Ligand SMILES: Cc1cc2nc3c(=O)[nH]c(=O)nc-3n(C[C@H](O)[C@H](O)[C@H](O)COP(=O)(O)OP(=O)(O)OC[C@H]3O[C@@H](n4cnc5c(N)ncnc54)[C@H](O)[C@@H]3O)c2cc1C
Ligand SMILES: Cc1cc2nc3c(=O)[nH]c(=O)nc-3n(C[C@H](O)[C@H](O)[C@H](O)COP(=O)(O)OP(=O)(O)OC[C@H]3O[C@@H](n4cnc5c(N)ncnc54)[C@H](O)[C@@H]3O)c2cc1C
Ligand SMILES: Cc1cc2nc3c(=O)[nH]c(=O)nc-3n(C[C@H](O)[C@H](O)[C@H](O)COP(=O)(O)O)c2cc1C
Ligand SMILES: Cc1cc2nc3c(=O)[nH]c(=O)nc-3n(C[C@H](O)[C@H](O)[C@H](O)COP(=O)(O)O)c2cc1C
Ligand code: FES
Ligand code: FES
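Residue numbers (this note's numbering), protein chains in the order written: chain Z, 233 to 536; chain B, 233 to 536; chain E, 45 to 302; chain V, 45 to 302.
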């Protein structure tokens with residue numbers, strides 16, 4: 233057994249596999265299929281200061297090797313989370329992270345402050361990259377100045393590990409990552425979904441209620457991998473890589489490209505046991521290639 | 233038979249199907265499989281002022297529902313094209329367009345001027361979006377100012393139909409399209425490839441010689457469709473839509489999203505007869521839905 | 045209820061009239077508990093255009109032969125690929141998913157089960173369960189045409205079957221809500237599954253006549269287990285997931301304009 | 045040469061020792077002309093991870109039975125899917141693609157055909173053509189182990205066959221370039237196809253001994269017909285496409301350091 237432990241800021245994880253926000257519910261939904269405490273970290277649903285109903289349906293469209301979603305951050309709000317959900321999940325023997333979203337800087341800060349008070353939540357993932365909401369969301373993640381402003385504000389209010397989730401819908405993601413690093417983030421995670429669209433030709437109408445939605449799944453992997461590589465070269469803080477990871481080989485590719493940990497999203501829908509399989513598969517890879525620790529392959533892509 | 237004719241600037245096409253540059257050679261390569269004069273337009277390889285060897289190999293990697301390429305504009309230069317290739321293809325009974333690339337504004341202008349002198353080339357597609365070259369290429373297509381500068385310079389030198397091919401690797405493609413329109417383009421085409429990357433985990437090396445490459449094929453369709461829709465809403469000039477079109481339904485989706493014509497790229501590799509099938513399929517769609525002309529569906533997506 | 049991820053073995057896969065298949069699946073282990081109205085998320089292998097699992101209702105569970113039945117309409121690449129499966133092939137399923145039809149209260153004696161098209165699928169399992177509990181359910185099944193009427197003989201084993209076809213090739217002509225049985229008999233509870241317009245018409249009939257009514261909804265699904273929030277429907281308490289809060293809803297909880 | 049896009053019918057698909065298949069395809073029409081060294085681009089259906097066609101060499105064409113043979117090593121999802129094809133299934137192919145091995149000049153009598161692993165595939169067709177022209181070609185076939193030696197009996201019909209295996213399970217131990225036949229006999233022309241290190245060793249032997257040598261290269265391909273420029277190799281005249289300028293190159297034109 234190789235050493236799979238990895239660190240993101242002050243966060244120590246038993247293995248580099250986390251679940252991507254919005255694709256794994258609160259973890260409980262998967263506990264009939266796997267022992268969720270064996271996952272390195274569970275990032276729960278996008279949580280906002282107030283209750284959000286999300287977008288009207290249809291919210292999903294299948295695409296070649298992927299899917300579009302337009303959920304739009306449906307959640308019952310941070311207070312409901314603290315009162316009703318946190319007590320149920322807090323003693324899971326793994327890292328539980330909250331994905332924090334908002335429409336204004338004040339929203340982000342207020343939500344982060346409330347989460348900061350929860351002993352069993354060691355880190356948040358700040359979502360400045362949701363393409364499915366009208367206000368805020370992705371807008372914060374598509375310019376250096378706005379990314380910087382929201383991250384610095386949250387940084388002041390939140391002392392534990394702060395991971396900032398970046399949007400791929402930008403010209404230069406490394407630039408945004410640098411701004412976020414300068415603003416005090418402990419880590420960046422990428423990518424959130426890519427803005428896409430589906431049309432029903434027979435009906436001459438968009439498939440999604442919101443016309444556009446966020447693309448995820450195997451199809452985005454080449455783009456995600458490129459961005460993780462670009463960002464890992466640019467910043468000094470640890471990078472969490474995700475986007476289209478479907479199996480252990482994909483996960484190893486992200487680690488080689490420079491990710492210190494990875495997240496699995498859409499693949500959970502196709503195989504609810506995939507997180508465990510990927511953690512095991514990373515171990516197999518390390519053993520087969522004679523590496524003692526996952527840290528021995530992080531960023532070890534040879535490009536010369 | 234519905235009326236399939238469509239216009240791009242002064243260019244009249246017998247049907248809205250064109251071939252995407254770099255995927256259809258000079259057309260001749262496909263003439264054993266189809267009557268290439270039945271295609272609405274053939275856009276030949278990216279052509280530069282001087283001979284280019286392109287990138288070292290490997291230049292190709294397969295990805296989920298797509299592929300990465302790193303050809304890097306290999307071509308024998310515009311003079312060779314004019315002397316050796318143009319005479320062979322000029323009498324094909326369809327529109328032959330040249331895709332013009334360059335490293336500097338002067339290169340673009342010089343190449344466009346030489347092509348302008350060719351009677352049987354009614355239009356050029358200005359490629360300001362190639363992700364596979366070190367200098368120029370995509371750099372011109374990722375900021376409004378540089379896009380504007382190269383397009384205005386070429387506009388002065390080139391009087392026939394000028395289509396500008398946009399890069400999807402940007403935060404706001406509608407903004408770039410507006411800059412290009414203001415600079416005098418007759419049309420915009422989109423999307424070029426999306427920058428991606430592939431890694432061979434066993435070898436811990438990138439698959440492509442250039443590390444990153446351009447993603448194309450079915451996987452990019454949702455992104456391309458979204459961008460075509462955004463751009464078509466923003467500009468007044470006609471839009472040429474492409475990116476992941478694999479069949480007639482895909483093509484109809486782009487027309488509904490606002491494209492006046494479409495291009496087929498990667499799909500030619502899987503089915504060398506696909507251009508003809510798509511043209512026929514568009515006709516079938518129009519007849520089945522009782523439309524007399526393809527113009528009746530361009531931009532007719534109902535989003536309300 | 046505990047959910048399982050299982051590789052079941054195809055014991056038969058029969059092409060029915062029209063464009064439907066009846067697939068029977070078995071396992072070395074005893075099949076898990078399943079309730080009427082629940083469904084499975086089926087992984088479709090070898091279909092390049094099918095990325096996600098496909099939701100398919102529990103049509104019937106034969107505890108004697110340890111077989112699970114699916115009744116499937118072939119509408120696209122995924123379902124067509126399922127039709128290629130042969131005896132002995134494996135099918136990966138997540139099940140049982142979702143809630144279920146609720147059992148009648150002590151006052152509810154006359155039960156009407158209305159199915160339209162392939163929406164008849166869950167009605168067989170429901171009918172068999174109700175019959176086992178001592179009820180004599182009435183089935184009202186609607187279809188485009190005779191060839192779209194599925195499993196009639198099976199339904200007849202559990203209750204009286206009434207039929208409408210749109211083209212009058214079998215039973216009464218028209219839609220289920222036009223059937224004369226609705227005028228002849230008074231029902232205490234209605235269960236329905238089928239195309240949305242049909243279910244809305246049934247719901248309207250039920251609500252006009254003060255009859256309790258449960259409908260089984262469809263929606264586009266990604267996870268099938270309440271994790272992704274892709275499959276919501278409007279209810280009086282806001283968006284609810286069809287996959288985990290449903291697929292069965294009582295019409296009094298929905299925001300249908302009926 | 046005219047290229048065709050054809051749906052051929054599988055007439056047999058045999059699993060060979062090791063991890064290889066021998067697929068025979070036929071057509072109602074007479075199969076088109078094909079030359080030794082040419083290849084086909086095969087569309088693999090029903091394999092979600094196989095987006096592009098797969099290049100496969102013409103292994104042999106049996107004009108009596110109107111059958112085209114492919115010899116395929118199962119290395120990934122695409123080739124494994126091809127192994128599932130059964131008699132009667134259709135396979136969509138573009139063919140014949142690429143150039144071909146050049147025929148010997150009048151001075152070239154002793155011909156050596158060196159194949160390594162599945163690179164032996166085009167050598168059978170080449171051997172049969174040379175034999176038909178009156179030559180007595182010599183085959184030198186290398187493999188990891190006995191189980192990777194393919195079609196030996198077929199090769200023997202067209203010439204003398206010498207063998208090396210890396211593990212000494214058959215023929216001489218070692219690599220093809222260590223085989224004693226190279227010391228015993230003087231060849232006028234060498235044709236080779238196999239792993240690049242093997243072909244380079246053969247090319248080095250040929251160039252040291254002043255023997256003309258043609259190699260059949262592999263590369264990652266997208267179109268197979270010279271349209272996309274994805275498959276280039278370095279030649280003295282710059283980048284050339286392996287699919288249309290090759291796959292066969294004369295080593296004097298390549299920039300190999302040998
Ligand atoms: C809870 C539930 C239970 C179901 N039970 C059954 C069943 O027992 N038997 C059965 O045959 N079908 C059932 N369905 C529908 C079935 O899931 C779809 O027909 C199937 O997913 C289509 O897959 P496909 O790949 O063949 O078609 P696709 O290529 O995905 O789609 C073909 C066409 O069907 C439409 N479509 C696809 N999925 C759905 C959907 N979920 N709802 C409405 N339209 C859709 C598409 O828009 C398209 O027009 C059920 C659906 C749900 C949500
Ligand atoms: C001109 C030509 C002729 C060929 N003739 C034959 C033949 O007659 N019989 C035969 O078995 N194979 C032949 N090949 C190789 C064959 O094309 C590949 O083995 C096949 O494409 C692999 O597909 P896959 O989906 O099974 O594997 P993939 O999943 O695509 O790949 C599996 C592994 O093989 C490697 N690989 C894939 N394609 C190639 C390639 N083109 N070259 C080198 N490595 C590759 C991948 O990097 C990976 O490690 C030929 C290749 C060329 C270019
Ligand atoms: C249905 C769905 C809901 C999502 N909700 C969120 C969310 O609430 N917050 C967030 O940061 N990302 C959200 N995402 C994005 C994922 O966390 C992830 O970044 C993206 O899907 C790419 O990874 P994947 O390809 O592995 O799915 C969601 C994705 C999906 C598919
Ligand atoms: C192998 C290859 C070579 C290409 N070369 C060029 C080029 O020279 N000029 C250009 O503008 N686009 C080039 N492209 C981009 C295509 O023209 C097209 O924009 C892109 O592939 C998206 O369309 P598709 O998904 O239909 O292939 C190339 C694409 C491929 C796959
Ligand atoms: S399909 Fe994911 S919540 Fe219902
Ligand atoms: S594979 Fe396209 S040029 Fe060779």
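Glycine residues also receive a C-beta, built at the ideal position from the N, C-alpha and C atoms.
Since we're looking at a predicted model, the values are computed, not measured.
Helix, strand or coil at residue i [DSSP, three-state]
{"i": "residue 68 of chain V", "result": "strand"}
{"i": "residue 159 of chain V", "result": "strand"}
{"i": "residue 153 of chain V", "result": "coil"}
{"i": "residue 251 of chain B", "result": "strand"}
{"i": "residue 361 of chain B", "result": "coil"}
{"i": "residue 75 of chain E", "result": "coil"}
{"i": "residue 251 of chain V", "result": "helix"}
{"i": "residue 238 of chain B", "result": "strand"}
{"i": "residue 188 of chain E", "result": "coil"}
{"i": "residue 331 of chain Z", "result": "strand"}
{"i": "residue 200 of chain E", "result": "helix"}
Residue i vs residue j beta-carbon contact at 8 Å
{"i": "residue 473 of chain B", "j": "residue 451 of chain B", "result": "no"}
{"i": "residue 205 of chain V", "j": "residue 194 of chain V", "result": "no"}
{"i": "residue 100 of chain E", "j": "residue 65 of chain E", "result": "no"}
{"i": "residue 165 of chain E", "j": "residue 103 of chain E", "result": "yes"}
{"i": "residue 290 of chain E", "j": "residue 143 of chain E", "result": "yes"}
CB contact check: residue i to chain E, cutoff 8 Å
{"i": "residue 357 of chain Z", "result": "no"}
{"i": "residue 318 of chain Z", "result": "no"}
{"i": "residue 279 of chain Z", "result": "no"}
{"i": "residue 257 of chain Z", "result": "yes"}
Where residue i meets chain V, residues with beta-carbon distance less than 9 Å
{"i": "residue 92 of chain E", "result": "89, 90, 91, 92, 93, 94, 95"}
Under 8 Å by beta carbon: chain B residues contacting residue i
{"i": "residue 282 of chain V", "result": "285"}
Buried versus exposed, by CB contacts within 10 Å (16 or more), residue i
{"i": "residue 379 of chain B", "result": "buried"}
{"i": "residue 92 of chain E", "result": "buried"}
{"i": "residue 357 of chain B", "result": "buried"}
{"i": "residue 240 of chain E", "result": "exposed"}
{"i": "residue 301 of chain V", "result": "exposed"}
Min CB distance residue i to chain V below 8 Å
{"i": "residue 501 of chain B", "result": "yes"}
{"i": "residue 261 of chain B", "result": "yes"}
{"i": "residue 289 of chain B", "result": "yes"}
Proximal residues of chain V, C-beta to C-beta of residue i below 7 Å
{"i": "residue 299 of chain B", "result": "95, 96, 266"}
Test: residue i CB closer than 8 Å to a CB of chain B
{"i": "residue 322 of chain Z", "result": "no"}
{"i": "residue 428 of chain Z", "result": "yes"}
{"i": "residue 484 of chain Z", "result": "yes"}
{"i": "residue 271 of chain V", "result": "yes"}
{"i": "residue 47 of chain V", "result": "yes"}
Minimum Cβ-Cβ distance from residue i to chain Z less than 8 Å
{"i": "residue 138 of chain E", "result": "yes"}
{"i": "residue 533 of chain B", "result": "yes"}
{"i": "residue 240 of chain E", "result": "no"}
Contact test: residue i Cβ vs ligand 7 heavy atom, cutoff 7 Å
{"i": "residue 178 of chain E", "result": "Absence of ligand 7 from the depicted structure is noted, with ligand 1, ligand 2, ligand 3, ligand 4, ligand 5 and ligand 6 being the only ligands included."}
Chain E residues whose Cβ lies nearer than 7 Å to that of residue i
{"i": "residue 294 of chain Z", "result": "95, 96"}
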